[in-house]
Amino acid sequence: MADPAAAPRRPAAGDFRSDINGLRALAVAVVIAFHLAGLPGGFVGVDVFFVISGYLMTRIIVTRLAEGRFGLWSFYLARARRIWPALAALCAALLAVGATLLDPWTFTRIAGLLPAALTFTDNFVLAGRSGYFAPDERDNWLLHTWSLAVEWQFYLLFPLLLMAVFALPALRRRLWAVLAGLAALSFALALWQGVAQPTQAFYGLPARAWELLAGGLCVWLERRLTAGAAVRTVGHVAGLALIALGCWLARPLVPWPSPVTLLPVGGAALVVACAAPRTLWADVPAIAAVGRASYSIYLWHWPLIVALRYAGVALTWPVALAAAAVAIGAGFASYWLVERAATGWIFAGRRGPALAGAAAVAAVLGLSLAAIGAQGFEAWRTQGDPPAIRAALADDHAAAHDWAFPGDCGRRQTRGDLELCYVGDPAAREVLVLGDSHAQQLVARYAHVFDVRQGAGAAFLTDAGCVPIPGVRLAKPGSRCARWADDAYRWAAAAPYRRVVIVSAWVIYYDASPAAPAGITCLAAAGGGCAAPLPRDRLAAAELQRLTAALARLRAAGKQVVLVGPTPQTDDADPFRLYKLAYWRGDLDPPPLPRAAFAARAALVLRLIGEAARAAGAVEVEPLDHLCPAGACPLSLGGRALYKDRGHFRASRMGEPRYAYLDPWIMK
318 MADPAAAPRR
328 PAAGDFRSDI
338 NGLRALAVAV
348 VIAFHLAGLP
358 GGFVGVDVFF
368 VISGYLMTRI
378 IVTRLAEGRF
388 GLWSFYLARA
398 RRIWPALAAL
408 CAALLAVGAT
418 LLDPWTFTRI
428 AGLLPAALTF
438 TDNFVLAGRS
448 GYFAPDERDN
458 WLLHTWSLAV
468 EWQFYLLFPL
478 LLMAVFALPA
488 LRRRLWAVLA
498 GLAALSFALA
508 LWQGVAQPTQ
518 AFYGLPARAW
528 ELLAGGLCVW
538 LERRLTAGAA
548 VRTVGHVAGL
558 ALIALGCWLA
568 RPLVPWPSPV
578 TLLPVGGAAL
588 VVACAAPRTL
598 WADVPAIAAV
608 GRASYSIYLW
618 HWPLIVALRY
628 AGVALTWPVA
638 LAAAAVAIGA
648 GFASYWLVER
658 AATGWIFAGR
668 RGPALAGAAA
678 VAAVLGLSLA
688 AIGAQGFEAW
698 RTQGDPPAIR
708 AALADDHAAA
718 HDWAFPGDCG
728 RRQTRGDLEL
738 CYVGDPAARE
748 VLVLGDSHAQ
758 QLVARYAHVF
768 DVRQGAGAAF
778 LTDAGCVPIP
788 GVRLAKPGSR
798 CARWADDAYR
808 WAAAAPYRRV
818 VIVSAWVIYY
828 DASPAAPAGI
838 TCLAAAGGGC
848 AAPLPRDRLA
858 AAELQRLTAA
868 LARLRAAGKQ
878 VVLVGPTPQT
888 DDADPFRLYK
898 LAYWRGDLDP
908 PPLPRAAFAA
918 RAALVLRLIG
928 EAARAAGAVE
938 VEPLDHLCPA
948 GACPLSLGGR
958 ALYKDRGHFR
968 ASRMGEPRYA
978 YLDPWIMK
């Protein structure tokens with residue numbers, strides 16, 4: 318009986334495959350189109366890369382194990398040679414740019430990313446900071462390197478698994494069944510984590526391993542495929558069609574990996590396994606060149622996009638095309654200068670170049686750690702600035718961490734899945750504040766106002782990131798907002814509070830701007846997912862109708878209901894942006910947000926909130942009347958930021974008179 322793990326006859330390990338090279342070009346092209354042109358499902362290019370890597374690694378390892386010539390350390394060295402030099406060159410370039418062309422805070426952020434990127438652990442970092450107040454990853458210059466971390470972790474573990482299988486004859490005879498079983502387990506984990514732990518599923522190797530293993534199983538499939546050239550060509554075209562279908566159906570706000578992921582993964586596996594003898598499209602010189610340089614192009618494309626965002630350049634079509642051209646050009650330069658020339662020199666087997674390469678990586682790591690410790694060398698880079706500028710920069714740093722919830726809660730209590738925060742006397746039953754993080758920010762104002770009023774206090778029933786409307790959830794994977802809102806309103810109606818104050822960001826969920834993303838929220842379906850999608854205005858109206866009904870139920874339970882409108886929100890309020898203005902321009906008090914501009918963004922929700930309040934007999938409070946005097950909403954006063962981020966107020970400033978708009982409803 319033939320050994321199922323015997324070395325394959327066709328094609329030999331290490332042979333150039335134009336079809337696989339074309340897949341690389343296709344994968345990097347759709348990823349760039351996703352980031353630059355808004356192609357909704359372009360992120361499936363990463364899944365295609367995983368299949369290719371799984372196939373090539375399995376073929377190399379199984380072939381050499383079957384022939385008795387596999388070396389673990391030589392395998393690791395080959396992988397390091399393939400991945401590390403170009404990545405280290407990118408990191409060095411980012412350090413140089415950060416130290417000279419970017420502000421110290423941005424430089425510190427970049428430096429903080431480099432150690433995880435160079436040690437292939439940044440997928441763990443990303444998975445671990447997925448909370449509501451997690452940093453905006455659009456500003457993460459090395460966000461895309463999470464996929465390299467997944468691949469590297471696979472490279473570390475997979476050969477050990479195959480060596481163990483080959484060491485046991487019973488398992489060796491069932492090698493492909495073992496890999497298929499592991500792929501099935503990984504896929505099942507991906508489906509579960511996609512709902513329960515979506516960030517872990519997206520960034521983690523366990524839920525991604527099945528994609529790499531699917532590529533590995535192509536090694537088994539290609540041996541048994543005896544079809545002729547015509548059938549292989551048909552399979553190749555069908556595989557490309559499946560990738561295109563997956564790209565069309567995939568959406569950023571659905572769980573990923575998911576059953577839809579089977580389409581691009583299956584399509585890529587079909588292309589690889591069929592090994593079509595002629596692939597005219599992949600042999601086009603431009604496509605072949607992009608395929609060869611695809612790794613370096615992938616490395617450089619995302620930092621260029623973040624650089625445009627940093628500079629405030631809008632991604633119009635001409636800008637997107639120019640950015641794509643620059644990314645491809647930088648990728649080709651990296652391919653020839655680093656992947657080919659420098660890598661060949663460093664790994665030529667001589668002691669000097671190898672030590673030079675190691676010293677360069679050590680220098681990048683050392684400089685990044687020094688930049689982290691010195692906050693981007695801020696003290697040195699701002700030593701000639703006026704004291705007012707340095708004070709504003711320090712205040713911007715402090716503003717980003719100026720948050721008091723739940724630390725200012727006098728007492729916290731859990732009731733099932735609900736968590737209550739009490740300020741003042743926990744036994745007080747006058748006021749219940751219900752809402753999201755914009756309700757939580759109010760705790761800083763009222764944390765101590767009841768200290769001298771015996772028997773007085775307020776309770777806060779909140780969940781950050783959840784719009785306080787029953788039956789409405791976030792469209793992103795893993796949202797439990799609909800269940801929370803259902804339980805919160807049910808509890809509020811039964812609890813003996815006289816007044817219920819409802820506070821929310823509102824505009825985040827119902828932004829009327831033409832360029833605003835649609836589908837942030839959805840009507841919850843019976844199974845826990847989203848009901849059939851509706852156009853933006855109809856969806857908002859349907860969801861606010863549910864709010865009206867919920868307010869009416871509270872009123873029927875004898876509660877006075879106060880519905881609070883949105884507060885000013887803008888990207889320009891982010892202390893990170895204010896820091897850049899102060900550093901580069903010396904601007905301590907940037908122009909305020911015009912109330913009319915924000916009201917235009919909030920037009921839809923302002924109208925619907927007003928209708929809901931009138932229909933349910935609730936009191937409507939308009940914060941803009943207090944926060945935007947003379948038609949302007951300030952972002953900072955006296956060189957001190959008013960916001961913690963683009964939408965939340967600083968805890969340390971909540972005691973100021975301008976935030977008194979809810980005092981009559983919470984303190985009386």
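Residue numbers (my numbering): 318 to 985.
Where is the CB? At the ideal position from N, CA and C, for every residue including glycine.
Because the structure is a prediction, the values reported are computed rather than measured.
State the CB to CB distance for the pair residue i and residue j, rounded to an integer number of angstroms; the pair is presumed to be in contact (CB under 8 Å).
i           : j            : result
alanine 811 : cysteine 783 : Contact flag wrong, Cβ pair sits at about 20 Å.
alanine 745 : alanine 773  : 6 Å
alanine 644 : leucine 672  : About 32 Å separates the two Cβ atoms, so there is no contact after all.
alanine 809 : leucine 871  : 6 Å
By DSSP, does residue i sit in helix, in strand, or in coil?
i                 : result
glycine 683       : helix
threonine 731     : strand
threonine 779     : strand
serine 575        : coil
arginine 790      : strand
cysteine 564      : helix
alanine 330       : Residue placement at alanine 330 cannot be trusted, given a pLDDT of 43 that sits under 50; what the coordinates show is reported in the next sentence. Here alanine 330 sits in coil by DSSP.
valine 784        : coil
glycine 741       : strand
glutamate 736     : strand
glycine 752       : strand
glycine 774       : strand
glutamate 695     : helix
cysteine 600      : The sequence given here has aspartate at residue 600, not cysteine. DSSP places aspartate 600 in coil when its eight states are reduced to three.
glutamate 1002    : Residue 1002 is absent from the structure shown; the chain starts at 318 and stops at 985.
glutamine 510     : helix
alanine 319       : Residue confidence is low: alanine 319 scores 43 on pLDDT, short of 50, so the model does not pin down where it sits. No coordinate-derived value is stated.
glutamate 468     : helix
alanine 324       : Because the pLDDT of alanine 324 is 45, which lies under 50, any placement of that residue in the model is unreliable, and the number read from its coordinates should be weighed accordingly. The answer is coil: DSSP assigns alanine 324 none of H, G, I, E or B.
leucine 485       : coil
glycine 358       : coil
phenylalanine 504 : helix
leucine 418       : coil
What's the C-alpha gap between residue i and residue j?
i              : j                 : result
glycine 518    : alanine 507       : This sequence places alanine at residue 518; glycine is not what is there. Each residue's alpha carbon lies about 6 Å from the other.
histidine 461  : alanine 639       : 20 Å
alanine 505    : leucine 496       : 14 Å
arginine 399   : glutamate 656     : 7 Å
methionine 374 : threonine 550     : 24 Å
proline 703    : aspartate 456     : 28 Å
threonine 578  : arginine 797      : 23 Å
proline 325    : leucine 542       : Residue confidence for proline 325 is low, a pLDDT of 46 falling below 50, so the modelled location carries little weight and cannot support an answer.
proline 572    : leucine 654       : 39 Å
proline 421    : isoleucine 706    : 13 Å
glutamine 771  : proline 743       : 11 Å
isoleucine 416 : serine 503        : For the sequence presented, residue 416 should be read as alanine rather than isoleucine. Roughly 42 Å separates the two Cα atoms.
glutamate 939  : phenylalanine 351 : 39 Å
leucine 686    : alanine 428       : 7 Å
alanine 764    : glutamine 758     : 11 Å
proline 905    : proline 951       : One detail in the question is off: residue 905 reads as leucine in this sequence, not proline. Whole-angstrom Cα-Cα distance: 12 Å.
arginine 376   : proline 476       : 11 Å
tryptophan 463 : alanine 716       : 29 Å
Looking only at C-alpha atoms, which of the options sits nearest to residue i?
i              : options                           : result
histidine 714  : Trp469, Ala484 and Gly693         : Gly693
isoleucine 337 : Ala833, Pro883 and Ala599         : Ala599
alanine 555    : Val588, Trp573 and Cys535         : Val588
arginine 341   : Ala641, Tyr612 and Pro476         : Tyr612
threonine 660  : Ala397, Phe893 and Pro421         : Ala397
aspartate 453  : Asp980, Thr596, Gly964 and Ala395 : Gly964
glycine 584    : Phe367, Arg334 and Phe664         : Phe367
threonine 779  : Asp768, Asp734 and Val766         : Asp734
proline 723    : Arg732, Ile645, Glu736 and Val582 : Glu736
tryptophan 565 : Val365, Ala501 and Val361         : Val361
glycine 788    : Gly795, Phe777 and Arg800         : Arg800
alanine 593    : Asp904, Ala501 and Gly545         : Gly545
leucine 710    : Leu382, Ala444 and Ala958         : Ala958
Residue i: beta carbon under 7 Å from a heavy atom of the ligand SAH?
i           : result
leucine 954 : For the ligand SAH, the structure offers nothing, since it holds no ligand at all.
Those runs of the alpha helix (DSSP H) which lie wholly inside the stretch 878-931 and span at least 4 residues: 892-902 and 912-918
Within the stretch 792-861, note down every full beta strand (DSSP E) run reaching 3 residues or more, in order along the chain. 816-820 and 838-840
Secondary structure, alpha helix (DSSP H): runs of 4+ residues fully inside the stretch 937-973: 941-944
Runs of alpha helix (DSSP H) lying entirely within the stretch 421-459, each at least 4 residues, in chain order: 421-435 and 439-445
For the stretch 607-672, which segments carrying the beta strand (DSSP E) assignment without a break, of at least 3 residues, lie completely within its bounds, in sequence order? none
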